[in-house]
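Going by my numbering, the sequence shown opens with residue 7, and the numbers climb by one from there. These notes are about the structure you will find just below.
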Amino acid sequence: MVGKAKWKPLELPLPKKIVNQKQYRIPGGIAEITATIKDLKDAGVVVPTTSPFNSPIWPVQKTDGSWRMTVDLKPWHFKEISESQIS
Numbered sequence: 007m008v009g010k011a012k013w014k015p016l017e018l019p020l021p022k023k024i025v026n027q028k029q030y031r032i033p034g035g036i037a038e039i040t041a042t043i044k045d046l047k048d049a050g051v052v053v054p055t056t057s058p059f060n061s062p063i064w065p066v067q068k069t070d071g072s073w074r075m076t077v078d079l080k081p082w083h084f085k086e087i088s089e090s091q092i093s
């Protein structure tokens, strides 16, 4: 299910240097993650880019056996993001 959230876009500050992490080895759910990415592309949620930035995805298996995709943003070192920016 894509596109159900009614959030306003969140503008995050760019880090002082380019953050480009290699993709981790994905432990499982590759077919499911590939399908999720296709759904997100088809819905216009994500688009191809030539950005020098990269943050790896990390699939997490839910208790029902399905997979969800997370993104590792730790290297971005976000210091302060107020509640008003994400609600």
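By construction, the Cβ of each residue, glycine as well, lies at the ideal position given by its N, Cα and C atoms.
In the DSSP assignment, find the unbroken alpha helix (DSSP H) run with I39 in it and report its ends.
Within the sequence shown, numbered from 1, the residue matching residue 39 stands at position 33. That run of the alpha helix (DSSP H) goes I36 to D48.
#### Entry: Distance between beta carbons of P81 and V25, contact taken as under 8 Å
Position 19 of the sequence shown, counted from the first residue, corresponds to residue 25. Position 75 of the sequence shown, counted from the first residue, corresponds to residue 81. Right, their Cβ atoms sit about 5 Å apart.
Practice problem: Output the boundary residues of the beta strand (DSSP E) element that contains Q67. | Solution: Locating residue 67 in the sequence shown gives position 61, where the first residue counts as 1. Unbroken beta strand (DSSP E) run through Q67: I63 to Q67.
Using CA coordinates, which residue listed in W64, F59 and W73 is at the minimum distance from K23?
Stepping through the sequence shown from its first residue, residue 23 is reached at position 17. Closest by alpha carbon: F59.
Which residue from T56, P33, V53 and S57 puts its Cα closest to that of R74?
Taking the sequence shown and counting its residues from 1, the one referred to as residue 74 is at position 68. Closest by alpha carbon: P33.
Less than 7 Å between the beta carbons of T76 and V66, yes or no? As a first step, residue 76 is located in the sequence shown; it is residue number 70 there, counting from the start. As a first step, residue 66 is located in the sequence shown; it is residue number 60 there, counting from the start. Yes. Within cutoff.
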